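Q: Take a look at the following structure, please.
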């Protein structure tokens, strides 16, 4: 988390360090009929979609703040830090949403069942 913040704050590419991937709601909708509790699963899916959108948007805002702001103005650093702080909160929210969804998926077919 600290490395990601620093890289965005100074304008370096983040490489393999990324925010949670944005998945289409329709992807979760396709799984709805296969889970043990469709209502809870879809609630968590909505949370995931919203949190990942927020996390990614806030990282983009932080990068724009850094790029467009005056590097000598402390308000630029404060704005970048605020957006990064909020993006990390959103990323943790996305992780919690996934933690709610995974147990509802049930057993996953392994390679031996695909023969």
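Numbering (the numbering used here), first residue to last: 251 to 365. Cβ coordinates follow ideal geometry from the N, Cα and C atoms, glycine included. Just so it is clear, the structure is predicted and the values come from calculations on it, not from any experiment.
Residues in the same chain with beta-carbon distance under 7 Å from residue 329, minus the five sequence neighbours each way, listed in chain order, please.
A: 315, 319
Q: Given a cut-off of 8 Å, decide if residue 347 and residue 282 are closer than it, judged by their beta-carbon atoms.
A: No.
Q: Measure the alpha-carbon distance for residue 301 versus residue 323 and round it to whole angstroms.
A: About 30 Å.
Q: From the DSSP output, in three-state form, read off residue 362 for me.
A: Interpretation of residue 362 is limited by its pLDDT of 45, a score under 50 that renders its predicted location unreliable; the figure taken from the coordinates is listed afterwards. Of the three classes helix, strand and coil, the one that applies to residue 362 here is helix, per DSSP.
Q: Count the other CB atoms within 10 Å of the CB of residue 268; is the residue buried (16 or more) or exposed (fewer)?
A: exposed
Q: Would you say residue 326 reaches chain D, if we count a Cβ-Cβ gap shorter than 8 Å as a contact?
A: Here chain D cannot be found, since the structure has a single protein chain.
Q: What does the Cβ neighbour count give for residue 291, buried or exposed, with the cut at 16 atoms within 10 Å?
A: Buried, by the Cβ-count rule.
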